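See structure below.
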Amino acid sequence: MTDCTIGEYLLMRLREVGIRHVFGVPGDYQLEFLDQIEAADGIDWVGNCNELNAAYAADGYARLNGIGAVVTTFSVGELSALNGIGGAFAERVPVVSIVGTPATFVMRERQLVHHTAGDGEFTRALHCAAQYTAGQAKLGRDNAAEEIDRLLRLCWLEKRPVYLMLPSDVAQQRIAAPSAPLALPEPTSDRPMLTRFAADVRERLRGAASTTILVGPEVDRYRLGPQLLALADALGCPVATLSSAKGVFPETHDQFAGVYAGALSPPEARMAVEDAECLLAVGCWFTDSVTGGFTQRIDPDRTVELHPSSASVGGIPYANVAMKDGLTALAEAPERASGRGPAAHRRIPSSPEPVAGARLAQERFWPQIAGFLRPGDVVVAEQGTSYFGSAAQPLPRDCAFVGQPLWGSIGYTLPALLGTMLAAPDRRHVLFIGDGSFQLTAQELATVLRLGLNPVIVLVNNDGYTVERCILGENAAYNSIAPWRYDRLVQAFDPQDRAVTVAVGTEDELAIALDKAGATRDRPVFIEARMGRMDAPEALVRIGKAFADADYHHAPV
54 MTDCTIGEYL
64 LMRLREVGIR
74 HVFGVPGDYQ
84 LEFLDQIEAA
94 DGIDWVGNCN
104 ELNAAYAADG
114 YARLNGIGAV
124 VTTFSVGELS
134 ALNGIGGAFA
144 ERVPVVSIVG
154 TPATFVMRER
164 QLVHHTAGDG
174 EFTRALHCAA
184 QYTAGQAKLG
194 RDNAAEEIDR
204 LLRLCWLEKR
214 PVYLMLPSDV
224 AQQRIAAPSA
234 PLALPEPTSD
244 RPMLTRFAAD
254 VRERLRGAAS
264 TTILVGPEVD
274 RYRLGPQLLA
284 LADALGCPVA
294 TLSSAKGVFP
304 ETHDQFAGVY
314 AGALSPPEAR
324 MAVEDAECLL
334 AVGCWFTDSV
344 TGGFTQRIDP
354 DRTVELHPSS
364 ASVGGIPYAN
374 VAMKDGLTAL
384 AEAPERASGR
394 GPAAHRRIPS
404 SPEPVAGARL
414 AQERFWPQIA
424 GFLRPGDVVV
434 AEQGTSYFGS
444 AAQPLPRDCA
454 FVGQPLWGSI
464 GYTLPALLGT
474 MLAAPDRRHV
484 LFIGDGSFQL
494 TAQELATVLR
504 LGLNPVIVLV
514 NNDGYTVERC
524 ILGENAAYNS
534 IAPWRYDRLV
544 QAFDPQDRAV
554 TVAVGTEDEL
564 AIALDKAGAT
574 RDRPVFIEAR
584 MGRMDAPEAL
594 VRIGKAFADA
604 DYHHAPV
């Protein structure tokens, strides 16, 4: 092929970076491009119920696949999706946002067309998107190949969304076809700087009586789990993770010390992190919701930080030291001084025996759920009760954990589940979501069912926004939601009557439902777990008080 259309060029490049599904909602400014998607081999269109859900789905897809894509229409569509794009930007998830716009001559002549403010201005949404994307471009025949390649490389390197404006008269214009596959960049190191960094860290390791590795989400974003494991094995030291990196280090490993969350940490994790004379913080973001409201006690002078393209030792910066190279260099010549042995082996608690007739309560519900999880599962946890409850439970080997603790947009996880399932179709996917969050994006369950996907969805029904009630307004009307008949809602979305639905309110009912879910492989399972309004995981109760104090300078009433 010597030439191709601009739309075909873009689709070729998307396939080359590993994208097999494109999410979105049709709009008249991108219909010809959607025709090209449907005609393309190796890439499928996934129509969503709305643009926000499409962006969430692309985010979930990218977390397991490495990169995702979403297509929306000018202004009305892309602005609906911008919350999802903002979340991907905040949490460093690479998503390609493709926006179909009015034709080039329409914009040049400032015509008063639909989906605009009626003033001939066509860049307002672009200015909004520029705040939440790493790069932007308006495509045309003269720049399409260069800008598509530039932005895809940037998306891959920065692990953040990029924004492409595709005017309606541009997708079918012809340009030269790519002559070679797209070469994707990775962070690189200045070799002398890397050498000095490694020497400095080794010197600290030699002098430290204790060392711990603390793992953050950047390790997952840059797919550096194997390098992290090699370093942990070489050092033989305890390894803790932030909840935003849960599952990145195997929780069945003898050196795993638990999930660190500041004052909310289990004792072994807190001791390992806060008492370490040398702390290797790899890819960490110390945000409020993963540190118990900034309750971490970490001495910068005793901390080595590694990030994708930079590092520091005791606060001294080492620019142009890539995380991958730093991990590899330290693993190749480790220092194993005394006092750096494996963490005390963490006994994985067994799932509690259900008590017949005992009402479901958070304290025993999540350990019961933990016994249901299996190796290789993808666990998707909604911010709030579900996130704090599930993050405290041990994961079997090879599990992935997907949440959004930094951006924290409720309703994210149901559409994200759609994305994770399409990215990893051979794995079992288990979603935990609250009733308030579910009501924000419930309609995307219809897409999950339409595509014949078979998740296990556990809806925690505690009659409204318990996460907000833990902060303020325990009995306030603004934290209440309309009660739904969730089982009938699933039926409405499920014309083929494939889903298994059950409502449970006691421990023995939950046990029966989980047994049924575990035995069901070819049908989706929807479990509604009914609990008390103010019943919440202890970690959520405590962080709610911290948020209330930070936001309003007083405890919740």
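Be aware that the sequence shown starts at 54, since it is given in the numbering used here, and climbs by one per residue. C-beta: ideal position from N, C-alpha, C; glycine also. All of these numbers come straight from a predicted model, not from anything done at the bench.
Just to confirm, does residue i get its C-beta within under 8 Å of one of the non-hydrogen atoms of the ligand MN?
| i | result |
| --- | --- |
| L267 | The model depicted lacks the ligand MN and carries no ligand whatsoever. |
Does the beta-carbon of residue i have 16 or more other beta-carbons within 10 angstroms, so that it is buried, or is it exposed?
| i | result |
| --- | --- |
| F158 | exposed |
| E239 | exposed |
| I369 | exposed |
| Y62 | buried |
| L165 | exposed |
| V374 | buried |
| S439 | buried |
| A261 | buried |
| Y82 | buried |
| E131 | buried |
| G437 | buried |
| T176 | exposed |
| N528 | exposed |
| H74 | buried |
| D611 | Summary: the structure shown does not reach residue 611, with the chain confined to residues 54 through 610, and so no result is reported for it. |
| Q446 | buried |
On a Cα-Cα basis, can you pick out the residue from the options that is closest to residue i?
| i | options | result |
| --- | --- | --- |
| D307 | R323, C290 and P319 | C290 |
| I266 | I580, A224 and I351 | I351 |
| K598 | I524, G130 and A285 | I524 |
| L484 | G130, L471, F86 and Q496 | L471 |
| V557 | D547, T58 and G410 | G410 |
| C331 | A316, W338 and V292 | V292 |
| T80 | M160, V124 and I120 | It should be noted that the sequence gives Gly, not Thr, for residue 80. It is V124. |
| G188 | I151, E162, A170 and Q164 | I151 |
| Y518 | Q225, S533 and A252 | S533 |
| A477 | L192, E435 and V431 | V431 |
| M376 | T241, W338, P428 and A445 | T241 |
| A469 | M587, V433 and F491 | V433 |
| L288 | Q492, L333, R355 and P447 | L333 |
| L506 | P536, Q415 and V553 | V553 |
| P420 | P590, A329 and V578 | P590 |
| G429 | Q446, D561 and P303 | P303 |
| A564 | S318, L475 and A423 | A423 |
| N515 | P508, Q492, D479 and L502 | Q492 |
| V543 | A122, V555 and R259 | V555 |
| Q280 | P270, L383, P245 and T356 | L383 |
With a cut-off of 8 Å on the beta carbons, I'd call residue i and residue j a contact; round off their distance for me.
| i | j | result |
| --- | --- | --- |
| T473 | Y114 | 7 Å |
| P379 | L359 | The sequence given here has Gly at residue 379, not Pro. Correct: roughly 5 Å between the Cβ atoms. |
| V146 | K212 | 7 Å |
| T466 | E435 | 4 Å |
| N218 | L192 | Here the sequence assigns Met to residue 218, which means Asn is not the residue at that position. At roughly 6 Å, the Cβ-Cβ gap stays under 8 Å, so M218 and L192 are in contact. |
| L593 | V520 | 6 Å |
| T340 | P458 | 7 Å |
| L205 | L235 | 6 Å |
Helix, strand or coil for residue i? Go by DSSP, reduced to three states.
| i | result |
| --- | --- |
| I96 | coil |
| T381 | helix |
| T344 | coil |
| I422 | helix |
| Q189 | strand |
| S232 | coil |
| A397 | Its pLDDT being 48, under 50, A397 is placed unreliably in this model, and the value from its coordinates should be taken loosely. Reduced to three states, the DSSP call for A397 is coil. |
| H180 | helix |
| T631 | The shown model of the chain, from 54 to 610, leaves out residue 631, and the question about it has no answer. |
| A605 | What sits at residue 605 in the sequence shown is Tyr, not Ala. Y605: helix per DSSP, three-state reduction. |
| I534 | coil |
| A334 | strand |
| E358 | strand |
| A364 | strand |
| C7 | Nothing can be reported for residue 7: it is not among the residues displayed for the chain, which extend from 54 to 610. |
| V78 | coil |
| G311 | strand |
| P303 | coil |
| A453 | strand |
| A386 | coil |
| G392 | Confidence at G392 is low in this model, with a pLDDT of 46, below 50, so the placement of that residue is unreliable and no value is reported for it. |
| D56 | strand |
| I201 | helix |
Using a Cβ-Cβ distance cut-off of 9 Å, determine whether residue i contacts chain D.
| i | result |
| --- | --- |
| D243 | No chain D appears in the structure shown, which is made up of a single protein chain. |
Every unbroken beta strand (DSSP E) within the segment 464 to 513, with a cutoff of 3 residues, ordered by chain: 482 to 487
Uninterrupted beta strand (DSSP E) stretches inside the segment 123 to 188 (no shorter than 3 residues): 148 to 154
Residue ranges of each alpha helix (DSSP H) within the segment 557 to 601, 4 or longer: 560 to 572
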